[in-house]
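Participant: Read top to bottom, the protein sequences are chains A and B.
Numbering (the numbering used here) for the first sequence: 2 to 436.
Numbering (the numbering used here) for the second sequence: 2 to 436.
Ideal placement from N, C-alpha and C gives every residue a C-beta, glycine not left out.
Computed from a predicted model, the values in this text were never measured in an experiment.
There are 2 protein chains.
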Amino acid sequence: MQLPLRVGVAGLGTVGLAVLELLDRQAAALAARCGRKITVVAVSAKEARKERGVDLSRFAWFDDPVALAGSPDIDLFVELIGGADGAALASVEAALAASKSVVTANKALLAKHGMRLAELAEAKGVALGFEASVAGGIPIVKTLREGLAGNAITRVYGILNGTCNYILSRMEMEHLTFAECLVEAQRLGYAEADPNFDIGGEDTAHKLAILTALAFGTRLDPEAIAIEGIKDLSLADIEAASELGYRIKLLGVAQRTTAGIEQRVHPTMVPRSSAIAQVMGIANAVTIDADAVHELTLVGPGAGGDATASAVVADIADIAKGLRAPPFGLPVAALAPLQRAPMQMHEGGYYIRLSVYDRPGAAAAIATRMAERSISLESIVQRRRPGERKKAAESVPVVLITHATYEKLIREALAAVVADGFIAEPPQLIRIERE
Amino acid sequence: MQLPLRVGVAGLGTVGLAVLELLDRQAAALAARCGRKITVVAVSAKEARKERGVDLSRFAWFDDPVALAGSPDIDLFVELIGGADGAALASVEAALAASKSVVTANKALLAKHGMRLAELAEAKGVALGFEASVAGGIPIVKTLREGLAGNAITRVYGILNGTCNYILSRMEMEHLTFAECLVEAQRLGYAEADPNFDIGGEDTAHKLAILTALAFGTRLDPEAIAIEGIKDLSLADIEAASELGYRIKLLGVAQRTTAGIEQRVHPTMVPRSSAIAQVMGIANAVTIDADAVHELTLVGPGAGGDATASAVVADIADIAKGLRAPPFGLPVAALAPLQRAPMQMHEGGYYIRLSVYDRPGAAAAIATRMAERSISLESIVQRRRPGERKKAAESVPVVLITHATYEKLIREALAAVVADGFIAEPPQLIRIERE
């Protein structure tokens, strides 16, 4: 049996403590699997004296994670501090510079500095594991990098933020507003006090940037992601989706098109019968379309201490076994620059909800604006419910579903509809994603 | 860049040809991923002259796969011949004996000889890859062996036979009988001329045996699997399941219980809302319950040339990269003997369909037989449809759903019900699997 792998863990929040506990609980099994022991020798966190309910006296303590990262007493540095810069970045750089392998759950760090860190790891011949940075306990990084190594991937998409999926699930199931569900998510600890990072789509975008690089062999390019969050979704949209055979999910989608790689995060209508539509609550899911495997879907927990620790420990085990693959599947020098497909060239179906003044000619005018741009309609539903009485100058909701068209055309058509003066509120537009 | 990995492929059926094509199509990407070229240098099949629509002239030809396996010109032997013994076994043994890594899609071979072959691979320090042997293109072997390395797994279960899932899906969707759907599956090439291996559950059992060893770190023990196929399922069962909020799937289930490891293959009622219930047609799915990741589900194609080739090529790529983990995650010497939990001790809910003579006291007698063994009922439905008229001495269908109980007790209760003389046909019994 080889020498133990000596591990230093920086960051002792929920995930850090779960990693310590899991390594402890599975120590014997991991040693047998890896052919060597995995031993945590040192830890670091902001507050040394905080009561964590765990005995930390058997580990060396470092106030400074950078000092831990460079310590000659460790072989592997586990970064669970969080944040794209600051202590997380400094300590990961220090570990790699000292030729130590690194495991991190930090998607913000990866999205921003992943290329440089991967280059550094390659140059030093060490590993950089980040399974836990995307979709929590779902082994999606390993699946893309190794499990589908023989595939040309055409699209990868998924539910990558449990907070948003929880809110959307609750809105549909309980007929609650977005604001009501957000408060509930905060109460349950699923959403942060400042929830904008989740509900604005930024968190999903960080994860998508990583998936894109792995799936298409391109350099990370989070700036090339078109992002829309979920806070403008109304219960009317959720319910209209349901009636039309769809469900609304916040998806991250990366897709190879003739114009380049499209990366986008937005509320999306998915067919209710699709695998991804079945994923409710805080779960995550990722679907991959590829030439050989056709379609593969992974569903599991996207967050939580245990699930994230599962991914962190899998990376640690691979490193203990001696696995030293390039972090993004290919050497950084072999990753292609990401050729961004502009959103204006996005091709797909659209859901459009309009508040239309109930005047003669309104529907005809809208239909004309669509027809002028060869946008054909799958359905058009005027949604006043039976029994509701018409008031003077009232607007009525009209929902359109289009066949596949281009983003540019639909935007032009809607601008023309607005200019015609028939609608009372800005149009709501939600993209449809087909299986 | 290292020397090319020289590959020999034995067996040129659908999968063999798909592997050649995929290695060709992805040659550049694989070379970049693996840091070396993967080059097929030789092939072997039964008939040299058969028209395969592929140019084989660039490969050396071997009439004898054993000679190919031992050839000094190859580093890796890919076995796609099939069958638990014969040429498949002889050639895999020859390759390992000659210190060549092996990749196989052969679940029958693995289930029967996997322990011995893994020992041989370990002794020679070479790899034995079998991702393609279970659930086609789904990377379940890698997920269990590496992705969940830090988890203690409590249960693994899945839809592992696309033919059976296709038949059950069709029965439900089209209200067709088992026999009608089987003929249709044969017409479409989903079922063999002799379908017993699929519909009898044997194929699922081979795959389950492999999953069990990977999930629980035990020795392979296919003889310890309780097997029931799907051929006795009637449309009445499918429809009753549907009305009660369930769907019937042929599952392979391996579960850690206090009595040992339970391995079973049987038609199973799963809640219609579960992830596994959504998997229709020829798809496969595997769900894993574990302490850290909680629940993870993988859904994808369980068969077909392309999907199987995807898994074969992933194994080849890992080997090209130098990965040499023990085939079953642990050295064979560290795998525990499988302690078989007897089916009589299986604990769970049951669906029971009885044809009951419509006589006074029948229902009471049945309920009494259950109550005597403390079996409590979730529901009891007498299923004569409104409008159907009663004939003399007619039997009526009665469907019971029990709460969790033991297989031993339910068998005793049914034997007593039969002995009471109230029922016209042997009882139908289907186990319920909870999420």
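May I have the straight-line CA-CA distance separating A:V1 from A:A99, to the nearest angstrom?
Facilitator: With chain A running from 2 to 436 in the structure shown, residue 1 of chain A is simply not present.
Participant: Does A:Y407 come out as helix, strand or coil in the three-state DSSP assignment?
Facilitator: strand
Participant: Within the stretch 215-290 of chain A, note down every full alpha helix (DSSP H) run reaching 4 residues or more, in order along the chain.
Facilitator: List check, alpha helix (DSSP H) in window: 236-244.
Participant: Report the rounded CA-to-CA distance for B:A61 versus A:A150, giving the unit in angstroms.
Facilitator: 26 Å
Participant: So A:S311 contacts chain B; which residues on that side make the cut at Cβ distance below 8 Å?
Facilitator: L149, G151, N152, A291, A293 and V294
Participant: Shorter than 7 Å from the beta carbon of B:K451 to some beta carbon of chain A?
Facilitator: In the structure as shown, chain B begins at 2 and stops at 436. Residue 451 of chain B is therefore absent and cannot be evaluated.
Participant: Applying the criterion that 16 or more other CB atoms from any shown protein chain within 10 Å of the CB defines a buried residue, is B:K322 buried or exposed?
Facilitator: buried
Participant: Would B:A315 count as contacting chain A if we go by Cβ distances under 7 Å?
Facilitator: yes
Participant: How about the stretch 230-241 of chain A and the stretch 356-373 of chain A: do they share at least three Cβ pairs that are nearer than 8 Å?
Facilitator: No contact exists between the stretch 230-241 of chain A and the stretch 356-373 of chain A.
Participant: Does the separation of the CB atoms of B:A414 and B:R374 fall below 7 Å?
Facilitator: yes
Participant: Listed from N- to C-terminal order along the chain, which residues in the stretch 321-339 of chain B have their beta-carbon within a distance smaller than 7 Å of any beta-carbon of chain A?
Facilitator: K322, L324, A326, G330, L331 and A335
Participant: Just list the residues that DSSP pairs B:L69 with in beta bridges.
Facilitator: Beta-bridge pairing links B:L69 to no other residue.
Participant: The alpha helix (DSSP H) that contains A:G9, what's its start and end?
Facilitator: Taken as a continuous stretch (DSSP letters only), A:G9 belongs to no alpha helix (DSSP H), being part of the beta strand (DSSP E) at L6 to A11.
Participant: Taking 7 Å as the cut-off, decide whether the C-beta atoms of A:V271 and A:G253 are in contact.
Facilitator: no
Participant: Since A:H347 is in the alpha helix (DSSP H), which residue starts that stretch and which ends it?
Facilitator: From DSSP, A:H347 is part of no alpha helix (DSSP H); its letter is neither H nor E.
Participant: Nearest to B:P5 by CA position, among B:K38, B:G14, B:R26 and B:A32, is which residue?
Facilitator: B:K38
Participant: Residues in its own chain within less than 7 Å of B:R171 by CB, not counting five upstream and five downstream?
Facilitator: L177, C182 and E185
Participant: Within 10 angstroms of the Cβ of A:E80, are there 16 or more other Cβ atoms? Answer buried if so, exposed if not.
Facilitator: Buried, by the Cβ-count rule.
Participant: If you reduce the DSSP assignment to three classes, tell me which class A:F423 lands in.
Facilitator: In the structure shown, A:F423 sits in coil (DSSP, three-state: anything other than H, G, I, E or B).
Participant: Specify, as a first and last residue, the run of the beta strand (DSSP E) that B:E296 falls within.
Facilitator: H295 to P302
Participant: In angstroms with no decimal places, state the Cα-to-Cα distance between A:Y167 and A:I200.
Facilitator: 11 Å
Participant: Return the chain-ordered list of same chain residues with a C-beta closer than 7 Å to the C-beta of B:V10, the five sequence neighbours on each side being excluded.
Facilitator: G17, V20, L21, V41, V44, V79 and L81
Participant: Given this structure, state the Cα-to-Cα distance separating B:T259 from A:P343, to the nearest angstrom.
Facilitator: C-alpha of B:T259 to C-alpha of A:P343: approximately 58 Å in a straight line.
Participant: So which residues of chain A does B:V104 contact, with C-beta pairs closer than 9 Å?
Facilitator: Chain-ordered listing is empty here: chain A has no CB closer than 9 Å to the CB of B:V104, the nearest sitting near 12 Å.
Participant: Does the contact criterion of 3 or more C-beta pairs under 8 Å hold for the stretch 292-302 of chain B versus the stretch 302-309 of chain A?
Facilitator: yes
Participant: Please confirm whether B:T298 has its beta-carbon closer than 7 Å to some beta-carbon of chain A.
Facilitator: yes
Participant: What's the call for A:L145, buried or exposed, on a 16-neighbour Cβ count within 10 Å?
Facilitator: buried
Participant: Assuming A:L215 contacts A:V142 (C-beta within less than 8 Å), just tell me the rounded distance between them.
Facilitator: 6 Å
Participant: Which same chain residues, not among the five before or five after B:Q187, have their C-beta less than 8 Å away from its C-beta?
Facilitator: E193, A194 and P196
Participant: In angstroms, rounded to a whole number, what distance separates the CA positions of A:V67 and B:V104?
Facilitator: 44 Å
Participant: Checking contacts by CB at 7 Å: is A:Q3 closer than that to chain B?
Facilitator: no
Participant: Are A:F329 and A:A133 close, meaning C-beta to C-beta below 7 Å?
Facilitator: no
Participant: Please determine, among B:G126, B:A109 and B:G71, the residue with the shortest C-alpha to C-alpha distance to B:R7.
Facilitator: For B:R7, the closest alpha carbon among the candidates B:G126, B:A109 and B:G71 is that of B:G71.
Participant: So that I know if they touch, is there some Cβ in chain A lying closer than 7 Å to that of B:D233?
Facilitator: no
Participant: Is the CB-CB distance between B:T406 and B:L378 below 7 Å?
Facilitator: No, they are not a contact pair.
Participant: Does chain A have any CB closer than 7 Å to the CB of B:P302?
Facilitator: yes
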